Amino acid sequence: MLKLYRHLLIPLLTWCLALTVQSQEIKFTAQVDRTTIATGEYVKYTVSLSNSRERFEAPSLGGLVVVQGPFDNSSFTIVNGRMSGSTSRTWVLTATAPGRYTIGPARVRIGNGTIETEAITIEVTKGAATHSDPNASQGQSRDPNLFTTITLSKSKAYVGEQIVATYMLYSRYNSLETTKSDMPKLDGFWAENVELGETNWDPQLSTVNGLQYRTATLKKQVLFPQRPGKLRIAPFVMECVVNRSFFNRGTEVSIRSNSVEVNVSALPSGAPAGFTGAVGELEMVVKADRTQVKVNEAIELTVTYSGKGNLKLMEAPALDLPADLESYDPKVTDRISLSGGGMTGSRSYQYLIIPRHEGDFPLEPITFSYFDTRSNSYRSITGAEMTIAVSPGDGSTATVQRPNRSDVQVLGKDIRYIRTGDLGLRQQGEHLFGSWPWLAGMSTPLLGFLLFLGWRRKREAQRHDVMGTRRKQADRTARKRLNEAELALKSSDRSAFYTALSRSLNGYIGDKFGLGPAQITTANLTERLAGHAGGEALADELMALIAACDMARYAPVEDRPRQQLYDEAAALIGRTEQLVRT
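With this note's numbering, letter number 140 in the sequence shown gets 121, and the count goes up by one each step, no holes.
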């Protein structure tokens, strides 16, 4: 009986509560905590609905950016026996640029009618001076949640002066996967890529006009303009999938960066003699390992250029040596590094010089001219003067005359050398016709034609045996696809790696055992390998590895390192080949 009363009482109270709420006046309002803000500051916008349980439509935010929310809140109150309830939804908004923003009305359908709130206007003034990258602000205006930028270390440069280009990614999404990236082609630049390792998110968040972003440096390049004028770097395009999870396929987003331009000035006139195009902040050092030697003893003369600039374009200096000093092509030693600050380091040219006669030999000083980007003028550096003192060598005298190194000269053409050796003469009476070489030459075309017919018949048979051809080429095709997975592994392309690895395993099993995509199951594979020792265990390992690849492709889960997965795939394909052949 008590249970019967309880079952009757609960619906009755619910009905009374509904009548009480419906009897109250329905209120639908929108409000903000302030109507004037500066860029980067926040405004709280709240929509409230009283005495109704209907769901209301979110308003148009008029260009304002959501920083947080929406947050939902519900409450019920009882005053003097009268019950009322309300629901509210709150957004935290901001603006990235000054202006006048209008938040549109929110709407709710009550019965056969519609109620809407008043529109609210927010005045946004210019905020305090910030150091935001203008390229980032431009990208933010295109999409406040995801954008890319190209930033140059300088917008004006001379021909040959280095410029650092940085490609950045800004994201407010929790999950982001890159599916395609097309970097721009450079026209008018010589470029060197800075080694950054695997692309990862920066540990610190970046703030752009009041919004915080996760950032990643996609690429850095050191650029050297090769011609004067206005050089342009086109935008680069990326295709991404955002908010992908195990139960959500995510949303495809295509983003496009800004383009940048560089005003390149030609080097001024009046370049000194010997100028070869070096530009930067450079120094030169000339030194010899010794200046006192004996005849035929080697001397190492080293010319080192160091500093900041286009070091890889430095040319070897021209030595003006006395005729009694013999030199060889220099050995080039580079100690050059590339970083966010540009190209720095040194390049050395090491000459081997051998004196052929005794005496004192002064070396002409080496002069190096370059364009100094600090003073925007030409500068010349002259090395120290050197004198090589050569004494007689052991067991020789100073009167020994050695021929000078010179080009070979033709003195005459009237006398020829007497030909010696086998002249290839044939005995009299011997003929080619009827000999073994003649018979072999005549029969070779016929034999070749017969071999061609046999090869063609075998090829036609193979073309009709489709399954046999797939089975024979299964290992080669799988290795080719594994090479694609290895390239994706080295470039840290997660999606391409798992796609190539899965294609390699599924394609190999399908080709080797004549299975279609839908027939690649543990049962079918076990049946094909049942006649081989250890075949069932091998089938389980192959299917488990395919399942791990599929899980990593469609979910952000990796149960083991990618290199380990690659090694296991290669090993399993090799074991399968050996097992099937036995």
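Here a beta-carbon is modelled for each residue, glycine too, at the ideal position from N, C-alpha and C.
No experiment lies behind these values; they were computed from the predicted model shown.
Could you name the residues of the same chain whose beta carbon sits closer than 6 Å to that of residue i, not counting the 5 residues immediately before and after it, in chain order?
i                : result
threonine 17     : Glu104
glycine 80       : Val105
alanine 379      : With a pLDDT of 37 at alanine 379, under the threshold of 50, the modelled position of that residue is not reliable, and the figure given next carries that caveat. Contacts found: Glu339, Pro373.
glutamate 156    : With the sequence shown as reference, residue 156 is identified as serine, and glutamate is not the correct amino acid for it. So the qualifying residues of the chain are Asn224, Arg225.
threonine 102    : Thr83
serine 56        : Ser67
phenylalanine 52 : Thr71
serine 162       : Met219
Suppose the cutoff is 7 Å on Cβ atoms and the five residues either side in sequence are ignored; what does the same chain contact list for residue i look like?
i              : result
leucine 496    : Ile490, Asn505
proline 303    : Phe342
isoleucine 501 : Asn487, Ile490, Gly491
methionine 524 : Thr503, Leu506
arginine 543   : Leu470, Phe478
threonine 272  : Met367, Thr368, Ile369, Ala370
glutamate 549  : Leu526
threonine 257  : Glu296
Can you tell me whether residue i is buried or exposed? The criterion is at least 16 other CB atoms within 10 Å of its CB, across all chains shown.
i              : result
tyrosine 330   : buried
asparagine 291 : buried
lysine 493     : buried
alanine 469    : buried
leucine 463    : buried
glycine 267    : For clarity, residue 267 is valine in the given sequence; the question names glycine instead. Burial call: buried.
tyrosine 547   : buried
arginine 270   : The question names arginine, yet the displayed sequence has aspartate at residue 270. Its Cβ having fewer than 16 others within 10 Å, aspartate 270 is exposed.
lysine 201     : buried
proline 426    : exposed
threonine 232  : exposed
valine 260     : buried
asparagine 54  : exposed
leucine 434    : exposed
valine 189     : buried
glycine 141    : buried
valine 313     : exposed
asparagine 116 : buried
serine 483     : buried
proline 253    : exposed
tyrosine 351   : buried
arginine 455   : Note on identity: in this sequence residue 455 is alanine, with arginine being the wrong assignment. It is buried - the Cβ of alanine 455 has at least 16 other Cβ atoms within 10 Å.
aspartate 474  : buried
leucine -15    : Annotation note: pLDDT 44 at leucine -15 (below 50); position unreliable, coordinate value reported separately. Exposed, since its Cβ has fewer than 16 Cβ neighbours within 10 Å.
serine 377     : Note on serine 377: pLDDT 47, under 50, position unreliable in the model; the coordinate value appears next. It counts as exposed.
serine 122     : exposed
glycine 120    : buried
serine 356     : exposed
arginine 386   : Any answer about arginine 386 is weak, because its pLDDT of 43 lies below 50 and its placement is not dependable; what the coordinates show is given next. Exposed, by the Cβ-count rule.
Considering only residues of the same chain and omitting the five flanking positions on each side of residue i, which have a CB-CB separation below 8 Å?
i                 : result
glutamate 35      : Val89, Arg90, Ile91
glutamine 3       : Here glutamine 3 scores only 45 on pLDDT, less than 50, and its place in the model is too uncertain to base an answer on.
phenylalanine 512 : For clarity, residue 512 is glycine in the given sequence; the question names phenylalanine instead. None.
isoleucine 347    : Met265, Val267, Val284, Pro298, Leu300, Thr363, Gly364
serine 286        : Before going further, note that residue 286 is tyrosine rather than serine in the sequence given. Cβ neighbours of tyrosine 286 beyond the five flanking positions: Ala259, Leu263, Glu264, Met265, Leu292, Met295, Ser327, Arg328, Ser329, Phe349.
alanine 11        : Tyr26, Thr27, Val28, Ser29, Pro40, Ile84, Pro86, Ala87, Thr98, Glu99, Ile101
tryptophan 182    : Arg195, Thr196, Ala197
lysine 107        : Ala19, Thr20, Pro79
valine 274        : Ile280, Pro336, Ile369, Ala370, Val371, Ser372
Round the Cβ separation of residue i and residue j to the nearest angstrom and send it over; I've been treating them as touching at under 8 Å.
i             : j              : result
glycine 636   : leucine 248    : Lying outside -18 to 563, the shown extent of the chain, residue 636 is not represented and no answer is given.
leucine 186   : glutamine 193  : 5 Å
glutamine 143 : methionine 324 : 6 Å
glycine 244   : lysine 211     : The residue you asked about is not glycine; residue 244 is asparagine in the sequence shown. Indeed, because the Cβ distance is near 6 Å, the residues count as touching under 8 Å.
valine 276    : arginine 337   : 7 Å
leucine 333   : tyrosine 309   : 5 Å
valine 222    : glutamate 158  : 5 Å
proline 206   : alanine 138    : 6 Å
glycine 191   : threonine 75   : 5 Å
glutamate 220 : threonine 180  : With a Cβ gap of about 16 Å, glutamate 220 and threonine 180 do not count as contacting.
tyrosine 23   : valine 46      : Actually they are not in contact, since the Cβ atoms of tyrosine 23 and valine 46 sit about 10 Å apart, beyond 8 Å.
arginine 230  : glycine 169    : Rounded, the Cβ-Cβ distance is 42 Å, inconsistent with contact.
Checklist line | contact_flag[the region 147 to 166, the region 122 to 135] where n(CB pairs < 8 Å) is 3 or more | finding: With the cut-off at 8 Å, the region 147 to 166 and the region 122 to 135 touch.
Check: Residue ranges of each beta strand (DSSP E) run of no fewer than 3 residues wholly in the region 109 to 195, ordered along the chain?
Finding: The region 109 to 195 contains these whole beta strand (DSSP E) runs: 127 to 133, 137 to 139, 144 to 152, 157 to 163, 170 to 174, 187 to 189.
Next item on the list: Check whether the region 354 to 367 touches the region 311 to 322, counting contact only when three or more Cβ pairs, one atom from each stretch, lie closer than 8 Å.
Entry: Contact fails: fewer than three Cβ-Cβ distances are below 8 Å.
Item checked: Three-pair Cβ contact test at 8 Å for the region 70 to 78 versus the region 13 to 29 -> The way I'd put it, the region 70 to 78 does touch the region 13 to 29; three or more beta-carbon pairs between them come closer than 8 Å.
Next item on the list: Would you be able to state if there are at least three C-beta pairs under 8 Å between the region 515 to 526 and the region 549 to 561?
Entry: Flag = yes, the region 549 to 561 and the region 515 to 526 touch.
Next item on the list: Note down, one range per segment and in chain order, each alpha helix (DSSP H) of at least 4 residues found wholly within the region 475 to 528.
Entry: 475 to 494, 503 to 510, all fully within the region 475 to 528.
Checklist line | Any 3 or more C-beta pairs closer than 8 Å across the region 468 to 482 and the region 526 to 542 | finding: A contact exists between the region 468 to 482 and the region 526 to 542.
Check: Within the chosen definition, does the region 239 to 257 reach the region 211 to 219 through at least 3 CB pairs nearer than 8 Å?
Finding: Taking a cut-off of 8 Å on C-beta distances, the region 239 to 257 touches the region 211 to 219, as three or more cross pairs fall below it.
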